[in-house]
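**Q**
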Ligand code: NDP
C-alpha cells in the first residue's frame, strides 16, 4: 500500500449513511446491523481510517494517494455544544494523519467548523499542513450555480440570490463571488449583528441587499438559493420558495429538510460543492456507495478534493484557513487547478438521482 500524500478528516452525514457504511465494512458472514444498534455503537468508535483513495490527474502519469479518516461524531452532535468531545475526535484523527506521514490534510465539513477554522487548536507537534477545503468547495458551488442557471435559461443579472449561511466561510465567499453578478442579494443567518455588518459593506457599494434571520421572509423573493449553513439535523423547510427557484444545497450534512418530494424529484435542486475526477478516484475498500450513492461515479466533496489537488501541485500549505478569508481570486485559482487535473463539476444530482436529459429539455 502506497504511503498517503494527503488525508481527509470527515464525518458521517446521517444515521442511514452510518448504518450503510458500517454494514458495508462488516464481513459477509455477519448479519447486517439495524440502525438502532448503529446508534448505540457509533459514538464509542474512536477516529480511524475507513478507506484509501487513489486519485488520478488528467496530467499523464500523475497520481496521488489519500487516506479518509472518519471521526465517528454522531450526526446530531455536529452542531451542538459537545465541543470538547468533538474537538477530541478531530484532534485524534489529525494525530492519525500525522503518524501516517501525511503532508496535507483537509478538515472536511464540520471538522473545520468545530475548530472555527483555527488550526492552532490542533496539537502543535503535527507536521501536516491543514486546509478547510472551503475554497474548492466554493468554486464548485459557484460554477455549479452558473451552469444550472444557464441550463434553465435563468439570467443571473436579473435574479435575486438567497444565501443561507451568508456570514460563514463558504457563504461569505459565495457573497463575494456573486455580489456584482446578480440583481440583488438576500442574506440569511441567525446572528443579526454579523448580518448587519455584511449588509453594510454591500450597501456601501450600492448593492441591492436585504437580510433577515427569518428564512421564510426571504424565500418568496429568491430566484436562486444557495444553502451553506452549518446545520446538523432537522433541516430547513423551503416551502415558501418560488416554484421555479434553483436550489444548490452545499450543506454537509444537507441543509434542506428531507421529505420535500416535489423539490427532491425535480431538476431545480442539486447537491452542490461536489467534484468529479475525470480520470477516476479509486476507493479501497469501496465505500463510495454509502457516501455518494451508486448513480454517479468518481465523485467527492470539494473539501476532500482540495487536499488531493494541493498534493498534486506539491503545495503542502494551509490554502484555506480561518473564516471569511476566501477571495474571488482564490476561487478562480482553485478552479483553474481543478480544470488542469480534471476535477470537473459533479453531474447535477439530488437524492432521486441525476438530473435526467428528459428533465433538462422539458
Ligand atoms: P461556517 O460555520 O463558517 O458558517 C456557517 C454559516 O451558517 C454561518 O453564517 C452561520 O451563521 C449560519 N447558520 C448556522 N445555523 C443556521 C441556521 N439554522 N439558519 C441559518 N443560518 C445558519 O461553516 P462553513 O462555511 O465552513 O460550512 C457551511 C456548510 O458547508 C456546512 O454544512 C459544511 O459542512 C458544508 N461544507 C460542504 C462541503 C462540500 O464539499 N459540499 C465542504 C465543506 C463544508 P449563524 O451562526 O449566525 O447562524
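Residue numbers (the working numbering): 89 to 450. Every residue, glycine too, gets a C-beta built ideally from N, C-alpha and C. From a predicted model like this one, the values you see are computed outputs, not experimental measurements.
For residue 201, collect the residues of the same chain with a Cβ closer than 7 Å to its Cβ; drop the 5 residues on either side in sequence, then sort them by chain order.
**A** Around residue 201: 318.
**Q** Determine, using beta carbons only, whether residue 75 and residue 154 come nearer to each other than 7 Å.
**A** Outside the displayed span of the chain (89 to 450) sits residue 75, for which this structure offers no information.
**Q** Rounded to whole angstroms, what is the Cα-Cα separation between residue 172 and residue 243?
**A** Answer to the nearest angstrom: the Cα atoms are 46 Å apart.
**Q** Could you check what DSSP says for residue 405 in three-state terms: helix, strand or coil?
**A** Residue state, collapsed to three classes: coil.
**Q** Where does the unbroken beta strand (DSSP E) through residue 363 begin, and where does it stop?
**A** Start and end: 362 to 365.
**Q** Where do the N-terminal and C-terminal ends of the alpha helix (DSSP H) with residue 340 fall, by residue?
**A** Unbroken run through residue 340: none, as it is neither H nor E.
**Q** In angstroms with no decimal places, state the Cα-to-Cα distance between residue 326 and residue 302.
**A** Taking the straight line from one Cα to the other gives about 12 Å.
**Q** Could you give the DSSP three-state label for residue 240: helix, strand or coil?
**A** DSSP places residue 240 in coil when its eight states are reduced to three.
**Q** Once you ignore the five residues that flank residue 123 on each side, which residues in its own chain have a CB closer than 6 Å to its CB?
**A** So the qualifying residues of the chain are 103 and 107.
**Q** Can you tell me where the alpha helix (DSSP H) with residue 298 in it begins and where it stops?
**A** From DSSP, residue 298 is part of no alpha helix (DSSP H) but of the beta strand (DSSP E) over 297 to 300.
**Q** Shorter than 6 Å, the distance from the beta carbon of residue 391 to the closest heavy atom of the ligand NDP, or not?
**A** True, at least one ligand heavy atom lies under 6 Å from that Cβ.
**Q** Count Cβ pairs between the segment 211 to 224 and the segment 232 to 246 that sit closer than 8 Å; are there 3 or more?
**A** Judged by Cβ distances under 8 Å, the segment 211 to 224 makes no contact with the segment 232 to 246, as fewer than three pairs qualify.
**Q** What span of residues does the alpha helix (DSSP H) with residue 131 cover, start to end?
**A** Note, residue 131: premise wrong, no alpha helix (DSSP H); not H, not E.
**Q** Tell me, please, which residues DSSP counts as bridged to residue 74.
**A** Because the chain in this structure spans residues 89 to 450, residue 74 falls outside the shown range and cannot be described.
**Q** With a Cβ-Cβ cutoff of 7 Å, do residue 145 and residue 389 count as a contact?
**A** For residue 145 and residue 389, no; Cβs fall outside 7 Å.
**Q** Please specify which runs of the alpha helix (DSSP H), each continuous and at least 4 residues long, are wholly inside the segment 141 to 205, giving them in chain order.
**A** Listed in chain order, the complete alpha helix (DSSP H) runs (minimum 4 residues) inside the segment 141 to 205 are 171 to 187 and 198 to 202.
**Q** What are the boundary residues of the alpha helix (DSSP H) that residue 390 is part of?
**A** Its alpha helix (DSSP H) spans residues 390 to 400.
**Q** Following a CB-centred definition, is residue 436 positioned closer than 6 Å to any heavy atom of the ligand NDP?
**A** No - the ligand NDP has no heavy atom lying nearer than 6 Å to the Cβ of residue 436.
**Q** Helix, strand or coil for residue 319, going by three-state DSSP, please let me know.
**A** Reduced to three states, the DSSP call for residue 319 is coil.
**Q** When you compare only the Cα positions, how much space is there between residue 304 and residue 177?
**A** Those two C-alpha atoms are separated by around 36 Å.
**Q** What is the DSSP secondary structure of residue 263, counted as helix, strand or coil?
**A** Looking at residue 263 - three-state DSSP - the assignment turns out to be helix.
**Q** Do residue 259 and residue 296 come within 7 Å of each other at the CB atom, strictly closer than that value?
**A** Not closer than 7 Å, so no.
**Q** Whole angstroms are fine: how far does the CA of residue 275 sit from the CA of residue 267?
**A** About 11 Å.
**Q** What does the alpha-carbon distance come out to for the pair residue 414 and residue 394?
**A** Approximately 14 Å, taken between the alpha carbons.
**Q** In the DSSP assignment, the beta strand (DSSP E) including residue 218 goes from what residue to what residue?
**A** Looking at the DSSP string, the run of the beta strand (DSSP E) that includes residue 218 is 217 to 219.
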